[in-house]
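Trainee: Heads up, the sequence shown is in my numbering, so the first residue is 2 and it goes up one at a time.
Before we start, here is the structure in question, set down as structure tokens.
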Amino acid sequence: MNTHMPHPPSEDMWHWGIPMRRWATYSTITGHRAASVPARMSPISLPLKRYYESGGVDRLADRLENEIRPHIAAVLRGIRDRAPRARIVVIDYASPLPESGSCYPAAPFARGDVPYVRSVIGRLAAVQLDEARRAGAIGVDVFGVPGHDMCQPVGPRWIEPLIPAAATTPFHPNVTATAAIARMVVAALDSN
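As structure tokens, then:
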């Protein structure tokens, strides 16, 4: 945990997020390098799921529960210790992938891996919101808002695909997402 947080205890609101790269390898986002293009196109190919669940253990789920969950809890405790009266807001991730289907190559995942990757990010979002509740923080459920994944057209899309149409980094929120999430945060603050 970063113990050099620059905010004084008098702060009345904190906002904090975890970069995806903090807990999942870059290959989780871009597609495992071992997967060939034909395998990625196959609806039954599962290179990421096979890689992370090899040996009968889901290494991402294990890391989520044994490393990331305690990290989130520690950071929230640290914020509460530094600013006991602060309203803490935890924002989870927008879903980068649709609830069903795929859009390869915009989202460079094997079709069979799309549900796995979506579930991994969904589990992270659930842990973030769970730890927010435990810490008495306000959780903003962005993952639970469907129809804004990178497979959507410009306009409804919140997460940019491999080749972004907006001035942002691939696999990151665009300006539309930022504005929508800001409205969600304001609504959450107004209702809490």
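Note that beta-carbon positions come from the ideal geometry of N, C-alpha and C, so glycine has one too.
Could you tell me the distance, in whole angstroms, from the CA atom of A133 to the CA atom of I73?
Mentor: By one-based count along the sequence shown, residue 133 stands at place 132. By one-based count along the sequence shown, residue 73 stands at place 72. Roughly 9 Å separates the two Cα atoms.
Trainee: Find the nearest neighbour of V91 within the set R119, Q129, P154 and F110, judged by alpha-carbon distance.
Mentor: For the purposes of this step, residue 91 is taken as residue 90 along the sequence shown, with counting starting at 1. Measuring from the Cα of V91, the nearest candidate turns out to be Q129.
Trainee: Drop a sphere of 10 angstroms on the beta-carbon of L98, count the other beta-carbons inside from all chains shown, and report buried for 16 or more, exposed for fewer.
Mentor: Position 97 of the sequence shown, counting from 1, holds the residue named residue 98. By the 10 Å Cβ count, L98 comes out buried.
Trainee: Name the two residues that bound the continuous beta strand (DSSP E) containing V141.
Mentor: On the sequence shown, position 140 is the one that residue 141 refers to. Note, V141: beta strand (DSSP E), I139 to V141.
Trainee: Please list the terminal residues of the continuous alpha helix (DSSP H) segment that includes R124.
Mentor: On the sequence shown, residue 124 is found 123 positions in, with the first residue counted as 1. Per DSSP, R124 belongs to the alpha helix (DSSP H) from V115 to R135.
Trainee: So for R83, helix, strand or coil by DSSP?
Mentor: The residue given as residue 83 occupies position 82 in the sequence shown. In this structure, R83 counts as helix in the three-state DSSP scheme.
Trainee: Classify D82 as buried or exposed, calling it buried when 16 or more other Cβ atoms lie within 10 Å of its own Cβ.
Mentor: The count along the sequence shown starts at 1 and reaches residue 82 at position 81. With fewer than 16 other Cβ atoms within 10 Å, it is exposed.
Trainee: With I182 as the anchor, note down where its alpha helix (DSSP H) starts and where it stops.
Mentor: For the purposes of this step, residue 182 is taken as the residue at position 181 of the sequence shown. Looking at the DSSP string, the run of the alpha helix (DSSP H) that includes I182 is V176 to S192.
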